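In this text, residue positions in the sequence shown follow the working numbering: the first is 70, and each later residue adds one. Cβ atoms here follow ideal geometry from the backbone N, Cα and C, with glycine treated the same way. Computed from a prediction, not measured in an experiment: that's the story for all the values here. Reading through the structure tokens given below for one structure.
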Amino acid sequence: MAQLDSEAGYELRNITEQLDGILSDPDTILASIENDPKLTFPSEVSSPESGDVQALLAREAQLSKQLLIYRELDLISELLEEVKLNFQLWELENCFYSLQNIRKKLDQVDLSKLPMQFQESLKLHIDEFHLNLVSHCDSAMRQFWKIGAGFISFNRTITVGEEQLELEYTQFKQFLKACFFSEGRFEPNIWFISSLNMSDVKETLIKQLSKIHNDYCELQVVQGKLKSFLFSSNVCLKIKDNDTLETISERCNLHEIINSFGAVVEFLSETVTTADAGIILSRLGNTIVVEIIKFFKQNSNQLLAAESQHKDELLVLNEKLKLLSEKVGDKWLYYGREFDTLLNDDSVINNLKLDKILQVQNTRIREAFKSADWQTTKVITNFLQDKVSANSAQPEMPKEVEENQNLEDEWGWGHDDATIDHHDEEENNGWDDEIELALETNAAEQTPAKSKLATQVEGSDDWQHAWDESISVSEDSNAKVTITQIPALCLQMLSDFELGCDEIGRAKIESILDYKLNLLLTSFMAMCMCKYKDWWQLYHDVEYIVAEYPNKRKVFRLQELNSHFVRAHVENLKKTMKTLMNRQFKSFLEHDKNPNWTVTIESLLPYVEGVALPAIFKLHNPRILSEFVNYIYVDCFVDTVMSWRLISERNSENLAELIKLLLTSTNHPQLESDANCKHSREKLAIVGEILTAHLTHIMDMFSNGDFYLFSTDEIVQWIVMLFADTGLRRECIDEIRTIREERSG
70 MAQLDSEAGY ELRNITEQLD GILSDPDTIL ASIENDPKLT FPSEVSSPES GDVQALLARE
130 AQLSKQLLIY RELDLISELL EEVKLNFQLW ELENCFYSLQ NIRKKLDQVD LSKLPMQFQE
190 SLKLHIDEFH LNLVSHCDSA MRQFWKIGAG FISFNRTITV GEEQLELEYT QFKQFLKACF
250 FSEGRFEPNI WFISSLNMSD VKETLIKQLS KIHNDYCELQ VVQGKLKSFL FSSNVCLKIK
310 DNDTLETISE RCNLHEIINS FGAVVEFLSE TVTTADAGII LSRLGNTIVV EIIKFFKQNS
370 NQLLAAESQH KDELLVLNEK LKLLSEKVGD KWLYYGREFD TLLNDDSVIN NLKLDKILQV
430 QNTRIREAFK SADWQTTKVI TNFLQDKVSA NSAQPEMPKE VEENQNLEDE WGWGHDDATI
490 DHHDEEENNG WDDEIELALE TNAAEQTPAK SKLATQVEGS DDWQHAWDES ISVSEDSNAK
550 VTITQIPALC LQMLSDFELG CDEIGRAKIE SILDYKLNLL LTSFMAMCMC KYKDWWQLYH
610 DVEYIVAEYP NKRKVFRLQE LNSHFVRAHV ENLKKTMKTL MNRQFKSFLE HDKNPNWTVT
670 IESLLPYVEG VALPAIFKLH NPRILSEFVN YIYVDCFVDT VMSWRLISER NSENLAELIK
730 LLLTSTNHPQ LESDANCKHS REKLAIVGEI LTAHLTHIMD MFSNGDFYLF STDEIVQWIV
790 MLFADTGLRR ECIDEIRTIR EERSG
């Protein structure tokens, strides 16, 4: 490129000298014109040859323009030489403005008169000067800021070039901002980029300038390294030679960690410029404070020990942070109140100690789940019996509540029928006397006909109510239950937590103790829910923990979470059942003469037999089992069918067949041994029988007492849906009502 520049300069000087030699002697030019034979005779002036004069004048004008171009190129050549000299002297700002002048001159010169190769060479040559300028800037900033694996070094002045010229950081950075980042950010459309001709050079410069702005104007590379120091565990820092923050070891004690934070503060306060400290702290200041407070909370016991000097060191560190905030002004505001409170308020200190205990126990749980040893199981046979015994000591339910609960229609059949008389004593002697369905802690949500009095009594003692529901005397106390190693871990964790509270002093933390314990139990449950593959296994483990822990009130939160956890899984089973049943009912309603049984055969029955019931059986909880069976028979089947306007003859047969399939699919010894489930099955079987029976046969069944599980309104509603409105139907309904009224009287 230097050779090309030299040749261009030589050619320009040659042409200039020749033209100057010709134009400098006007007499010679006039003599040459007079001696021209064509100009000797006046008669020839107006001849066609007179056009040669015009051509000569045009040639003169062309040469004049060309001379002007060469003179401009000569000026550009001088500017390029000036840029080279400025590069040698590291006068980079002068280089910038010289390049700007060169670009302006080029815009004024018509280069189309010059050879194409010369044009391209000239443009490439100037583009390379742009690239060289940015490379010099990057090199200088890398000397001001030196960042390695374990250190950050900042120099306010550096020496560059062969002449060992000195550059000052503040002035140099001001040059960068003024020339390249005048808008406070990097804009790719500035003249320095847009004037480039080579696309590859343009892309390279965009990347380099963007990196210089991010790394050294916004100081992102410095912030990143400081973050890595702050977030690294056991990294000790110190100031070296007043300009370098470096790591000195990978393991350090509390005193050295405090000094490391102090070194960071000193580096920002004394080493870097105030402007740069403001930029760094505006993004990293709060992070530094958070890490210091986090360190204090994690080590509060040792830091605040009576014989320790660490508290004084932390107070000094806090004062340094305040002074640093004052130095950078509104870039980062820090008043130190929170840290002062942590260091001087006993209640906060006790809270931190309690948090430390929680952290230790949470870490223990996480460590236990890292190996598969926790999944080792053992069989327990007596803890369910212990739960039954515990339940017997609970206070009896008020009589008025019990009586009101007996008025509930647990099946919910016929609630949409306005003719139902809820005070019919016969209704009270039907289904409701046979079963009692308590649904975990949300019984009020599952029982739409809950009386106001019962709701009020339940609301008066939520804890007692939830506990009574979670411990049912109907549970199978002889069932063998498998538990993992987690219950033993949890019980030990709770014991250690209590010991830690005793060491702090319960009176000092009384106001937050229950909250922290519930937080610990919630964390335990959350981690378990992520690790257990079988949800019923977690249910048994938690039930065992609750049964074994001596103070049931303290672990009520765990029991509550377990109930919600199981309920969520049971509800998912219910939703799937409901969806599959509705799909089959849709086929009945749309094609009652030839319905598609694929849903039932391939999806519904396999789901009941292979997924839903096996999962419920593994809970060993008859209350949940009877609730689930009741949901299948009533909510999914009976309630849906009762919402139809009428039941066609063909659908009577379809529904009867579906009942047979359901009863067969749910035929299991555990259902037969449970009184609630047994009555549910018996009632559904009677529904299946009346679906295809004649009215006279239904009356015979009524006379034989087959409907003892049904209320009067339930019987009437089935008859209304199955048979047309005839005199015989009305007579039968009247007879049923009359007989039931007589029996109730």
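Residues in its own chain within less than 6 angstroms of residue i by CB, not counting five upstream and five downstream?
i	result
Val448	Lys549, Thr551
Ala681	Leu642
Ile578	Asn419, Leu423
Pro517	Confidence in Pro517 is poor, its pLDDT being 34 and thus under 50, which makes the residue's placement unreliable; the coordinate value appears in the next sentence. Closer than 6 angstroms at the Cβ level, and outside the excluded window around Pro517, lies no residue.
Arg320	Asn303
Glu360	Leu299
Asn720	Phe657, Asp661
Beta-carbon separation of residue i and residue j under 9 angstroms?
i	j	result
Ile581	Asn420	yes
Asn370	Trp401	no
Leu724	Val710	yes
Thr735	Val677	yes
Arg225	Tyr238	yes
Gly305	Ser329	The sequence shown places Cys at residue 305, not Gly. Yes, the Cβ-Cβ distance between Cys305 and Ser329 is below 9 angstroms.
Ile788	Arg798	yes
Thr340	Phe261	no
Leu149	His194	yes
Gly331	Lys380	no
Asn431	Met596	yes
Ile716	Met790	yes
Thr667	Leu730	no
DSSP has residue i in a bridge; who is on the other side?
i	result
Lys307	Glu315
Lys215	Ser222
Thr228	Glu235
Lys447	Ile552
Under the rule that 16 or more other beta-carbon atoms within 10 Å means buried, what is residue i, buried or exposed?
i	result
Arg575	exposed
Lys752	buried
Phe300	exposed
Asn511	Confidence at Asn511 is low in this model, with a pLDDT of 37, below 50, so the placement of that residue is unreliable and no value is reported for it.
Lys294	buried
Ser695	buried
Val611	buried
Arg692	buried
Asn155	buried
Ile326	buried
Leu673	buried
Asn387	buried
Ala616	buried
Lys174	exposed
Just tell me which of the options has its CA closest to the CA of residue i.
i	options	result
Gln277	Ser301, Gly219, Lys307, Met210	Met210
Ile317	Arg225, Lys366, Leu607, Phe220	Phe220
Leu649	Thr410, Trp604, Tyr613, Phe706	Phe706
Trp214	Ile357, Arg352, Ile281, Gln561	Ile281
Val203	Thr340, Glu804, Leu337, Glu160	Glu160
Leu236	Ser208, Phe249, Ser263, Leu588	Ser208
Val290	Leu353, Ile784, Asp196	Leu353
Lys333	Glu325, Leu323, Ser564, Lys307	Before going further, note that residue 333 is Val rather than Lys in the sequence given. Ranking Glu325, Leu323, Ser564, Lys307 by Cα distance to Val333 puts Lys307 first.
Ser394	Glu335, Leu288, Phe241, Asn431	Glu335
Asn404	Arg435, Arg692, Leu314, Leu384	The question names Asn, but residue 404 is Tyr in the sequence shown. For Tyr404, the nearest C-alpha among the options comes from Leu384.
Asp839	Ala684, Leu589, Arg622, His660	There is no way to answer for residue 839, as the model of the chain reaches only from 70 to 814.
Leu323	Ala346, Asp661, Lys366, Asn690	Lys366
Val429	Leu411, Phe566, Arg406, Lys309	Phe566
Ile348	Leu288, Glu640, Glu659	Leu288
Gln786	Asp775, Asp571, Asp708, Asn665	Asp708
Phe408	Lys396, Thr645, Gly398, Lys391	Lys391
Glu572	Tyr618, Glu272, Asn773, Lys425	Lys425
Tell me which same chain residues have a C-beta within less than 7 angstroms of the C-beta of residue i, skipping the five on either side of it?
i	result
Arg806	Thr781
Thr228	Leu234, Glu235
Could you tell me whether the Cβ of residue i comes closer than 9 angstroms to any Cβ of chain C?
i	result
Lys192	Absent from the structure is chain C; it holds one protein chain and no more.
Identify, in the order they occur along the chain, each residue of the same chain with its Cβ nearer than 8 angstroms to the Cβ of residue i, setting aside the five sequence neighbours on each side.
i	result
Phe815	This structure gives no information on residue 815, because the portion of the chain shown stretches from 70 to 814.
Glu722	Leu760, Thr761
Met594	Val611, Leu627, Leu630, Asn631, Phe634
Leu588	Leu427
Glu804	Met768
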